[in-house]
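Worksheet: one structure, shown below.
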Amino acid sequence: MYSRETMRILSASFRATLKKGNVMTKRDVVRLALAGERPPYVPWNFGFTQEAYEKLRDHYGAENVNDALDNHLLGLGDAVGFFEDMGNDRVRDYFGVVWDRSVDKDIGVVEGCVLPGPTLDGYTFPDPLDERFFADIPARIEASPDTFRVFGIGFSLYERAWTLRGMENLMMDFYMNPGFVRELFDAITDYNVAQVEEALKYDIDAIYYGDDWGRQTGLQMGSELWHEFIYPALKRMYGVVKDHGKYVFIHSCGKVDELFDDLIGIGLDCFNPFQPEVMDVHALMRQYRGRLTFHGGLSTQKTLPYGTADDVRAETVGLLAAGAAGNYILAPAHAVEGDVPLENMLAFIDLAQGQPGYGRT
Numbered sequence: 139m140y141s142r143e144t145m146r147i148l149s150a151s152f153r154a155t156l157k158k159g160n161v162m163t164k165r166d167v168v169r170l171a172l173a174g175e176r177p178p179y180v181p182w183n184f185g186f187t188q189e190a191y192e193k194l195r196d197h198y199g200a201e202n203v204n205d206a207l208d209n210h211l212l213g214l215g216d217a218v219g220f221f222e223d224m225g226n227d228r229v230r231d232y233f234g235v236v237w238d239r240s241v242d243k244d245i246g247v248v249e250g251c252v253l254p255g256p257t258l259d260g261y262t263f264p265d266p267l268d269e270r271f272f273a274d275i276p277a278r279i280e281a282s283p284d285t286f287r288v289f290g291i292g293f294s295l296y297e298r299a300w301t302l303r304g305m306e307n308l309m310m311d312f313y314m315n316p317g318f319v320r321e322l323f324d325a326i327t328d329y330n331v332a333q334v335e336e337a338l339k340y341d342i343d344a345i346y347y348g349d350d351w352g353r354q355t356g357l358q359m360g361s362e363l364w365h366e367f368i369y370p371a372l373k374r375m376y377g378v379v380k381d382h383g384k385y386v387f388i389h390s391c392g393k394v395d396e397l398f399d400d401l402i403g404i405g406l407d408c409f410n411p412f413q414p415e416v417m418d419v420h421a422l423m424r425q426y427r428g429r430l431t432f433h434g435g436l437s438t439q440k441t442l443p444y445g446t447a448d449d450v451r452a453e454t455v456g457l458l459a460a461g462a463a464g465n466y467i468l469a470p471a472h473a474v475e476g477d478v479p480l481e482n483m484l485a486f487i488d489l490a491q492g493q494p495g496y497g498r499t
């Protein structure tokens, strides 16, 4: 990203803006937080599943809940690819993977196996430059000019691989067919790099990759395999973004904090979802202040679904206090599920929007 000196100059510029009496945009506030400087308030970006979104829509009486939330990040692109409705609660994604959404309405469960054998023979990757990924970017930026712009690529490596190959198959391939795994990861990386290069032609701020590596107690594939197969691909993907002077964000569920130093070393600027159930979020914020920004941290496994509104407020206040010095974007640790009571959702939303220094731009 930028050098420390450039970050210092940018931060001074933001401070000068405030001294002149001008209101910072949400984009400015996020940049200041990423620089490890104290923003005028802690920025936020909240996500909700379909059921939770409908509760908020009914509460606000607005079809577009995002207007009421005043989120600070503008998500661009299509993070997981486009879906074709196949009927019977099935959809087919852009890579040909069929998802059963009879239970999970938001993503679903992979059905079948696109790559039944350890070979790419007979499979053609889709077009990373499909105009649907980019066509609405100018209009959306024009409609929300004050937001921090992030282009999302979900399932950006390991997840894309196992959805195509099957998770059990891929795990065995790490040992039995390592050449194929490298070929598959190289092909996915080529796809991502081509899409990133195109996205960076627009006035965006960051690329937000998504790739779940963790479980509750550690890495799914272990440290050795992660470093052998995943790390080299990430280094190439992150490098393209850094070469353009933009920020790198990653969403990776589970306990993956053992990777933070490696990820910072190849250019990571912001980590999500920052789950308090598997990490000591306050200790990590202190440990990595000035080196890594965190996005998330509010418990979606315990406090939000099972706590009271007062419990949510107490946890949110603690996160806001810890994030006041910078390097933090407030959010639940994951998209809020439909079993979370409305009053618990409103508890953290109201606290975020009630911060001194915040005013709608």
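Residue numbering for the sequence shown follows my numbering, starting at 139 and increasing by one per position. For every residue, glycine included, the Cβ atom is placed at its ideal position computed from N, Cα and C.
For the beta strand (DSSP E) holding L385, just list the boundary residues, first then last. Per the sequence shown, residue 385 should be read as Tyr rather than Leu. First-last of the beta strand (DSSP E) with Y385: 385-389.
Would you call the stretch 248-264 and the stretch 314-329 in contact, with 3 or more CB pairs under 8 Å? yes
Under 8 Å between the Cβ atoms of Y466 and V167? no
Is the separation between the beta-carbon of P414 and that of F184 shorter than 8 Å? no
Does the Cβ of N330 have 16 or more other Cβ atoms within 10 Å, making it buried, or fewer, making it exposed? buried
H433 lies in the alpha helix (DSSP H); which residues open and close that run? Unbroken run through H433 is the beta strand (DSSP E), 431-436; no alpha helix (DSSP H).
If you drop the 5 nearest sequence neighbours on each side, which residues of the same chain put their C-beta closer than 6 Å to that of P443? Cβ neighbours of P443 within its own chain (closer than 6 Å, five residues either side excluded): D477, V478.
Indicate whether C408 and Y426 have their beta-carbon atoms separated by less than 8 Å. no
Taking the alpha helix (DSSP H) that D313 falls in, what are its first and last residues? Asp is not the amino acid found at residue 313; the sequence shown has Tyr there. Taken as a continuous stretch (DSSP letters only), the alpha helix (DSSP H) holding Y313 covers 305-314.
Could you tell me how far apart the beta carbons of D216 and F271 are, in whole angstroms, since I believe they sit closer than 8 Å? 6 Å
Using a beta-carbon distance below 8 Å, is P470 in contact with chain D? The question asks about chain D, but that chain is absent: this structure has only one protein chain.
Let me make sure I understand the geometry here. Which of R165, V161, L170, K164 has the alpha-carbon closest to that of L430? Looking at the Cα atoms, L170 is the closest of the given residues.
Could you tell me the alpha carbon to alpha carbon distance between E252 and G246, rounded to whole angstroms? First, the residue type needs correcting, since residue 252 is Val and not Glu in the sequence shown. V252 and G246: Cα-Cα distance of roughly 16 Å.
Using 8 Å as the cut-off, can you tell me whether the stretch 185-202 makes contact with the stretch 446-463, which would need three or more C-beta pairs spanning the two stretches below that distance? no
Pull up the DSSP beta-bridge partners for G352, would you. L357
Thinking just about the alpha-carbon of each residue, which of L211, G174, L207 is nearest to the one in I487? Nearest C-alpha to I487 among L211, G174, L207: L207.
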